[in-house]
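There are 2 protein chains.
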Amino acid sequence: MKHKVVFYPDNKQVEVEEGENLLRAAMAAEVSISASCGGDGTCGKCRVIIEKGVVEQKPTSRLTTKEIEQGYVLACLSEIKSDLEVRIPPESRPGKFVEREKLPESHILSARGWKEYLSSWQRHPPIRKFYIEMVPPVLSDNMDDLRRIRRTLSKDHGLRAAVDADLSVLKYMARILREADWRVTVTLLESDLRAKIVKIEPGDTAKKNYAVAIDVGTTTIGARLIDLNECVVLSQESDYNAQVSCGEDVISRMVFSNKKDGLVKLQSLVVGTINELIAKLVSRSGVEFSDISCLVLAGNTIMTHLLLGLTPKHIREAPYVPTTTNFSWIKAKEFGIDVLEDTYAHCFPCVASYVGGDIVAGVLASGMSRSDKLTLYIDIGTNGEIVLGNADWLVACSCSAGPAFEGGGVKHGMRATKGAIEQIRIDRNNYEPMILTIGQSKPAGICGSGLIDALAEMFLSRIVDQRGKINPGIDSPRIREGEHGLEYVLAWAGEAVNGQDIVVAEVDIDNLIRAKAAIFAGISILLESVNVDMSNVEEIFIAGAFGNYLEIERVQMIGLLPEYSFEKVKFVGNGSLAGASIGSLSKEILNEAKKVAEKMTYLELSADVNFMDKYISALFLPHTNIELFPMVMKKLENK
Amino acid sequence: MKHKVVFYPDNKQVEVEEGENLLRAAMAAEVSISASCGGDGTCGKCRVIIEKGVVEQKPTSRLTTKEIEQGYVLACLSEIKSDLEVRIPPESRPGKFVEREKLPESHILSARGWKEYLSSWQRHPPIRKFYIEMVPPVLSDNMDDLRRIRRTLSKDHGLRAAVDADLSVLKYMARILREADWRVTVTLLESDLRAKIVKIEPGDTAKKNYAVAIDVGTTTIGARLIDLNECVVLSQESDYNAQVSCGEDVISRMVFSNKKDGLVKLQSLVVGTINELIAKLVSRSGVEFSDISCLVLAGNTIMTHLLLGLTPKHIREAPYVPTTTNFSWIKAKEFGIDVLEDTYAHCFPCVASYVGGDIVAGVLASGMSRSDKLTLYIDIGTNGEIVLGNADWLVACSCSAGPAFEGGGVKHGMRATKGAIEQIRIDRNNYEPMILTIGQSKPAGICGSGLIDALAEMFLSRIVDQRGKINPGIDSPRIREGEHGLEYVLAWAGEAVNGQDIVVAEVDIDNLIRAKAAIFAGISILLESVNVDMSNVEEIFIAGAFGNYLEIERVQMIGLLPEYSFEKVKFVGNGSLAGASIGSLSKEILNEAKKVAEKMTYLELSADVNFMDKYISALFLPHTNIELFPMVMKKLENK
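Line order of the protein sequences matches chains A and B.
Count the first sequence with my numbering and you get residues 11 to 649, in order.
Count the second sequence with my numbering and you get residues 11 to 649, in order.
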């Protein structure tokens, strides 16, 4: 349910989902409110008056009883429950904000939209549980146990597939059936026309059927515990891939894997991270380990190889050949995952050495492989992968961006988790920032989307120039010479979790500009390869493990993507995790994934002479050739 | 090539295969020659004179140079190489033999005939090896390694199946392909429309593709090493199933399996026997362990359960339910077989608790499941299983015979291996035996077929009466009171391997009569169940792990089978091993086995009120109702 929120005296309005945070709504409406604690209610600066409508607010000691009676709330602690009229008192203004154009609604479309995509697919998890009540055998009907199960599945659940069972299951089958008085729950792994019984439990446990969907990222591993019956996410966790200690990008990982025992070490590190994440998911949700029926994993080709213990050696060397791009269901124990013996795992198929299962998963989640529209899918991560196409054809390329978008290699960078600064506004006059963190708690660092926001705002407010250099002449205590050159202070030590100033340094900006240039160049080459330009593209999906509130305007401001109209854009958040999630819920999607991987044509950028030219031209804000960015140009001219 | 052998002065002739042993030919021709050493050339009694033709004889010190010049040979050491005329000198006669009817040729049809059956099937082993020379990857053709293998298999070998690979194979795939310069041999396991790469070796090893076919018998385990390319048996071994120490028949094994750790022990015992047999096969043939691509096993339902570690508990108790009767390909290591990681095993499907994969294998080997003729298949072992039917329908039953037919539970019983007395003639006048052993070596004991032969001969020569009781009034040193009652001495201590008299005791005869009565009763019930009698049966296959030279006339004489015409009979020897052998050579046969197992109707004898009546009536020689055996009656009247 959507609600309209009007802010006075600005008279700006925005439409948001019920339950949205009022401070975020204010940011979306480009209304300026003081906020320095990241949104956790401690600074008490974001006081607003509710003139009409209902908000639900968390208790705070920052407001007096009298203020509360007058209608004051802290915006950061308020959830929108109806249409609202909100007044911002003068004391809550950080200073005068530059006026902006109104942004289209979709700009805060969150990453939570994957469930809607699923509706167009058959909901038939590859691993299902069936509670069956069998007719016990008698002399006149004494077929073997397995056949009796098969007959009951066919009769009661219409299951037509040939059913067999793992030896490990056969070993306890007879006992369980009889102990449970022929009332058992059978867990079936279905693929093609075959089905395999992977577990039999006494009684009715059909309701307890969970999958863990995992995005095996180079920098970050994200995992979700999914209730396969209810089609809901029970909990979600992420952490840095422990392999980071062996190298920041896939190239350095591959170099490491070539050392003595390197591959074994890398495998055990990534498996270790996954095991910890699963343990957290389980302990947090109260689900039993034994009720996890399967894992569905999506990772780039190199991550998938390392996860399974396959050497990536020949991916690194020309002609860049993986061992395989297609993976069967495997017992998760077989590659070290700390689950029960009978838990199976499936890795999303990859396309080529540098376009992996994470992209295939994301493409599936976006729906573009079934769309008639010319669609661009961009995954912004340590590798930037770009896919162009529709239901008929798909072409993909990959460019190494480095870990900046995931907060890696950045001084105060962090993953998009609690405390990460993900949204920033900088006052054009006094250079004071307004920040919002994930989870609205004290700021702990800055994540990818925060970094993009920061750079865009620093550029708009002229703190940095087109080359990304900080202007030392600006008169603000926030701009100063740091340990490694010039830096801008986003949050002071007293406001931050670690008691340290949180800064964006010039070197961080350099990293980010290189990363965005690589992606911009990749997109350009891909579009040229099929002779289209951005105006022909009808739909754009942006995926990435940065925060949920990445704003299109900011993305465009720094020249990360070629210019396009805002209406075409959807953020899919972590597309890989979204694809793995919906894959765990639909056999059909896993089958389609194979077809998508087959169909996708891979364009090798290292073989493309134009790539380096385009990359170098993009090492500016937004680009050496500003005319490629007429909207940005207009905005800059407006100032 | 066949040769005609005429014996003088008897003027009897017989047609035999080239290479047949001359003493066996004499037995077949019902010609009486002295022979007490089992045919190993030590007693020197079987001297004959070759008057025309050629024999190849092994050296002997039992003949003088002069005798050799005169044309003397020892029959037991002579291989027939041409048509022959042979004279038996008076000194080589054990006494005057009773004249017999001429037997049809098929009566010495050996168990070696399985290869001819195979000709009607597609020769397409379920595990095949392909040597491929791949085009190495280049930048313009850099598909993943697995796909490259698939493409080459499709292009060069027309392989259309979807091909995937075990994780264990994927792990070394990249290295092997490159080290071997893209020339490798791929081992494929094919089932239905899928194929799985289970091994990749450098260079061309396609010629080295071997299977081990195994009959997992209750008493005896037989194993053959088969060259899957050449379709020949390289070596063959058998041994008692080490489980015998835990009980002689399936019932006692099942009782044992219910004890603490009983199942684990039984499994490890049978696996131990199989491991030893494989080790022997390998060491004898010079084949490498690593070149064994697969195992194909056939055993009764209980043996298959014990082999795989599945509890047979509910097979024993009404309503007699196995865990499963259908088995997928499993890694042999998974149930303890001592082969390489990548060796797969397949167990023949079973029909019901007491009709197993051994019978399905035998039925396949006999060809009856494709025949228009009404066929009876009888497997005479520790369990007697009987199948009646044709290509359209099959009905089966099982009756417990005990281990007597495999030499078990018999005082001097032994398996049908070297030194086992397998053929016996007893002189009607002086009660002296003429014996032939397997391998024609010194007698060591008596096997199943020898026991049948012995009982038939003792009955014909009136040493035993209709009840199987030895006549103590006969004047011969060979008939005497032994430790456990009356007995007949087949070989004296001085002639025997162990330096002990080899005897057939009355208790042994009792065991044998009970065993044959069970089988006779089973056949009778089965025939009645479909309302036919023996005269309607057009073809009869007799399988069993007894010696190769079981003679139909003898089988009939003791009333083991209802009377029938000799022409209808074929011995298939170890039908289970034959089926496992041809199964390893033909995917089509393994598929057909599933259909046969599905199609076969099981008749539970324990539920049949007539069975016990029929059994008791059959506890006579040949039967209480002698009129059921007109041919035997005629023969007895002739005397």
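Every residue, glycine too, gets a C-beta built ideally from N, C-alpha and C.
Residue-chain proximity (Ile340 (chain A), chain B), Cβ-Cβ < 8 Å: yes
Per-residue DSSP class, three states only, for Lys91 (chain B): coil
Inter-stretch contact at 8 Å, needing at least 3 Cβ pairs: the segment 572 to 582 of chain B / the segment 327 to 334 of chain B: no
Short CB-CB distance (under 8 Å) between Arg185 (chain B) and chain A: yes
Cα-Cα separation, Phe358 (chain B) to Cys256 (chain A): 50 Å
Cβ of Ile483 (chain A) within 8 Å of any chain B Cβ: Here residue 483 (chain A) turns out to be Gly, not Ile, going by the sequence shown. So, not an interface residue.
Distance CB(Val83 (chain A))-CB(Ile142 (chain A)) smaller than 8 Å: no
Whole alpha helix (DSSP H) elements within the segment 426 to 472 of chain A, 4-residue minimum: 458 to 470
Selection of the segment 249 to 278 of chain B by Cβ proximity to chain A, strictly under 9 Å: none
Within-8 Å CB hit, Thr335 (chain B) to chain A: yes
Reduced DSSP category for Cys53 (chain A) - H, G, I as helix; E, B as strand; rest coil: coil
Straight-line Cα distance separating Leu305 (chain A) from Ala553 (chain B): 50 Å
Contact list for Lys181 (chain A) against chain B, beta-carbon separation under 7 Å: Gly319 and Leu320
Ala328 (chain A): contacting residues in chain B (beta-carbon distance under 8 Å): Leu149
Anticipated Cβ contact below 8 Å, Ile462 (chain A) with Ile568 (chain A), distance rounded: 6 Å
Cβ-based burial, Trp403 (chain A) [other Cβ within 10 Å; buried from 16]: exposed
Whether Ile231 (chain A) touches Asp225 (chain A) by CB criterion (8 Å): yes
Contact check, Glu512 (chain A) vs Leu500 (chain A), beta carbons under 8 Å: Residue identity differs from the one stated: residue 512 (chain A) is Ile in this sequence, not Glu. For Ile512 (chain A) and Leu500 (chain A), yes; Cβs fall inside 8 Å.
Cut-off 8 Å between Cβ atoms - residues of its own chain near Met643 (chain A), not counting five sequence neighbours on either side: Ile636 and Glu637
Per DSSP, the bridge partner or partners of Val474 (chain B): B:Ile480
Cross-strand partners of Cys409 (chain A) (DSSP beta bridge): A:Gly394
Phe621 (chain A) at chain B interface by Cβ criterion, 8 Å: no
Within-8 Å CB hit, Val331 (chain B) to chain A: yes
Beta-bridge pairing of Ala172 (chain B) - partner residues as DSSP gives them: B:Arg204
Leu600 (chain A) at chain B interface by Cβ criterion, 8 Å: no
Contact test: Trp131 (chain A) Cβ vs the ligand MN heavy atom, cutoff 7 Å: With respect to the ligand MN, the structure shown offers nothing to examine, as it has no ligands at all.
As assigned by DSSP and simplified to three states, the class of Arg34 (chain A): helix
Residue-level contact to chain B via CB, Val324 (chain A), 8 Å cutoff: Per the sequence shown, residue 324 (chain A) should be read as His rather than Val. Taking Cβ atoms only, chain B reaches closer than 8 Å to His324 (chain A), which makes this a yes.
At least three beta-carbon pairs within less than 8 Å, the segment 339 to 351 of chain B to the segment 285 to 296 of chain B: yes
CA-to-CA distance, Tyr354 (chain A) to Lys206 (chain A), given in whole angstroms: 11 Å
Closest by C-alpha distance to Leu595 (chain A), when choosing among A:Ala464, A:Ser363 and A:His356: A:His356
Coarse secondary structure for His315 (chain B), derived from DSSP in three states: helix
Within-8 Å CB hit, Asp191 (chain A) to chain B: no
Buried or exposed by the 16-neighbour rule on C-beta atoms within 10 Å, applied to Gln132 (chain A): exposed
Run of the alpha helix (DSSP H) containing Met544 (chain B), from where it starts to where it stops: Element bounds for Met544 (chain B): n/a, residue is neither H nor E.
Check whether Ile60 (chain A) and Pro99 (chain A) have beta carbons under 8 Å apart: no
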